[in-house]
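Residue numbers (full-length UniProt numbering), protein chains in the order written: chain A, 1 to 340; chain B, 1 to 340.
Here a beta-carbon is modelled for each residue, glycine too, at the ideal position from N, C-alpha and C.
Being a predicted model, the structure only gives us computed values, none of them experimental.
A short write-up of the structure that comes next.
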DNA sequence: CTGAAAGCGCTTACAG
DNA sequence: CTGAAAGCGCTTACAG
């Protein structure tokens, strides 16, 4: 097991502990032949540095915290974690997760953050939406004076936010519908207050404009998540004489609502109505016909967030442009040509 | 912030560092008045012990790892994590998660475990099914010589396994159906090879026996997870002249299959067919009519697993009887009286 | 019941 | 390009 210490390696390589330390940390100014000798000793002794000693000495924990709301079937959060773990593995960090119940309050947040910072000494935080849109959370975070990176946040002034080009994703959806001949394209947004809802709506608007289609207020419904008027509004939209022939929804969960209402109104998908969602949520796998949707590389967001947090915010390496992931259109069976 | 050290506290309380350490660790043999003085100093200095120093000195990480397979909508895994985190918070530990893709292989496992043990120095592991039923995983785990606690494992000889009384849960389901007048009660098991599948089947059998009902081989279907013959078998079972009037499924996902087949066969739930699931899986929330199912306290399993791992396996406190959580029947609308 | 000394395994600050 | 000494903040092993 990992019993060898830096002293054993130093002795085996015929150098000082400090020189071994230099090699371990890729510090410059070590002769190539010395490096090789040290590396050989490391290998032959099966040496693994003692992280706890390094932690004590450098006063860093090499731990980063992820704050998210835990709700059933949170595929988004899981993928963020997966991506972040991959980045941590690569950079020598570990991930500390901190799920909150949806009924969290400001006091629970600040107690949890205090615990993570004072006891576990996390070096930084990744904050997943919708938590990163909660001012009380951000404020509590700022009080800890610990670096943070947000994911898909509306407010990008005070902190770095990692996201994909969701607007472009929405445009992909609209373009697909226009190519199928549709011009009466509705929009159902259940994510008002989220960056995602805003960006996807912007993409919808700009794509319509690009194709010379006028936006029709009767074909657009926007709500906060949890507002139960969604179904009524959807029913109303689809019951109009001048109803849309296609609907783009800001998330797949809303698309499921459209399916239900369409079935009640005897509108067959895709023959009478085309539907495009957003998210490629596995929970939508049960929808019939299979949903055409926009998929963004969520794990990549988690990976990028952790990487930027560690390299730029913690290690203060040179800042580079933030990566912008690209969503893709996944064409399945819920979209079809404009009915004659 | 947490700048004060044990030395500052010692000075403020007029005692030695060792005595402060005794108070911090609840070691016996400190006079009450001394304790009070130390605690007052701790409070006034806002002292929080430096975990990294303790880690280095005690050669423990106060970290425990959780191994699980990551798949979409893994509500079970999430609840285990939530419960385990709660226990860790209470006992001064942190949780390191390690999700594997379902296509994992033995080499990925042992590389990941090596990393967690040698680099992150985890003090113990919690292993979630179905990973804990994989012999290659258990073997790799044993090679690390680190304590482990399994959750709901078939093999309970070599390691502690935490689970609920799933057999009793299954019996609750059958009793409910018997009370509604049913005696032709089918069983659909999609979890062969899992402890859950075994225990739920045993509960089914014993409950039938208890009520003097003979088991009918044509009313029982058992498969490994992922075998696609489930639908066919279910259709066959329900197409028989002597079909069951009620079906108990070993998990909610299988109940969803029953719903689909029943709909194809024009069997109305619950009028023509009663259905009881197991898990109370939030993914089954979309089922109509709402599914009667057995719910086990999954977060409690995670809590108990972490507690036992830390107190018994790591700290070697006195062993007590393992806790046995109790499942509950959640009656919704998929079960009704035997049709006339 | 309490304390002085040593040391866990690294890195920092300095010297050469 | 390399190293000797000191020290991070705790706990262990011992002494009284």
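Restricted to the region 81-165 of chain B, the alpha helix (DSSP H) segments that are unbroken, complete and at least 4 residues in length are 106-114 and 135-143, listed in chain order. Interface annotation for the UniProt domain "HTH lacI-type" (4-58) of chain B against chain A: 48, 51, 52, 53, 55 and 56, criterion Cβ-Cβ distance under 7 Å. Taking a cut-off of 8 Å for Cβ pairs, the region 54-66 of chain A and the region 258-276 of chain A do not touch, as fewer than three such pairs fall below it. Counted as a single uninterrupted DSSP element, the beta strand (DSSP E) harbouring residue 328 (chain A) occupies residues 328-330. The region 249-262 of chain A makes contact with the region 276-295 of chain A; the number of CB pairs closer than 8 Å reaches 3 or more. With contacts defined by Cβ atoms closer than 8 Å, residue 194 (chain B) and residue 145 (chain B) do not form a contacting pair. In the DSSP assignment, residue 67 (chain B) is bridged to B:98 and B:127. Per DSSP, reduced to three states, the secondary structure at residue 249 (chain A) is strand. Secondary structure of residue 222 (chain B) (DSSP, three-state): strand. Taking 8 Å as the CB threshold, residue 95 (chain A) lines the interface with chain B. At a Cβ-Cβ threshold of 8 Å, residue 238 (chain A) and residue 261 (chain A) count as neighbours.
Bounds of the alpha helix (DSSP H) holding residue 301 (chain B) are 298-308. Within the same chain, Cβ atoms closer than 6 Å to the Cβ of residue 187 (chain B) are found at 204, 220 and 248, the five residues on either side in sequence being excluded. Residue 339 (chain A) has its alpha-carbon roughly 13 Å from the corresponding atom of residue 178 (chain A). For residue 293 (chain A), the uninterrupted beta strand (DSSP E) run begins and ends at 292-295, by DSSP.
The region 104-112 of chain A makes contact with the region 128-143 of chain A, as at least three CB pairs between them are under 8 Å. A contact between stretches requires three or more CB pairs, one per stretch, nearer than 8 Å, and the region 289-302 of chain A meets this requirement with the region 74-87 of chain A. In terms of Cβ geometry, residue 282 (chain B) and residue 73 (chain A) form a close pair [threshold 8 Å]. Sequence-distant Cβ neighbours of residue 70 (chain B) in its own chain, meaning closer than 6 Å and more than five residues away, are 99.
For residue 185 (chain B), the pairing in a beta bridge is given by DSSP as B:246. Contact check between the region 18-32 of chain B and the region 320-327 of chain A: fewer than three CB pairs, one atom from each, fall below 8 Å, which does not count as touching. Non-local C-beta neighbours of residue 289 (chain A) in its own chain, meaning closer than 8 Å and more than five positions away in sequence, comprise 269, 270, 332, 333 and 334, ordered along the chain. Within the DSSP bridge table, the entry for residue 277 (chain B) names B:293 as partners.
The C-beta of residue 73 (chain A) comes closer than 8 Å to at least one C-beta of chain B. With 16 or more other Cβ atoms inside 10 Å of its own Cβ, residue 116 (chain A) counts as buried.
Interface criterion not met: the Cβ of residue 153 (chain B) is under 8 Å from no Cβ in chain A. Flagged as an interface residue toward chain A: residue 119 (chain B), by a C-beta distance shorter than 8 Å. Rounded to whole angstroms, the gap between the alpha carbons of residue 192 (chain B) and residue 199 (chain B) is 10 Å. Residue pairing by DSSP leaves residue 239 (chain A) without any beta bridge partner. DSSP places residue 325 (chain B) in the strand class (E or B) of the three-state scheme. In terms of beta-carbon proximity, residue 283 (chain A) lines the interface with chain B, with at least one pair separated by less than 8 Å.
Around the beta carbon of residue 292 (chain A), 16 or more other beta carbons sit within 10 angstroms, so the residue counts as buried. Excluding the 5 residues flanking it on each side, residue 106 (chain A) has same chain C-beta neighbours closer than 6 Å at 136, in chain order. By the criterion of a C-beta distance shorter than 8 Å, residue 176 (chain A) is surrounded in its chain by 276, 292, 329, 331 and 335, once the five residues flanking it on both sides are discounted.
Bounds of any alpha helix (DSSP H) do not take in residue 31 (chain A), whose DSSP letter is neither H nor E. Secondary structure at residue 15 (chain A): coil, using DSSP grouped into helix, strand and coil.
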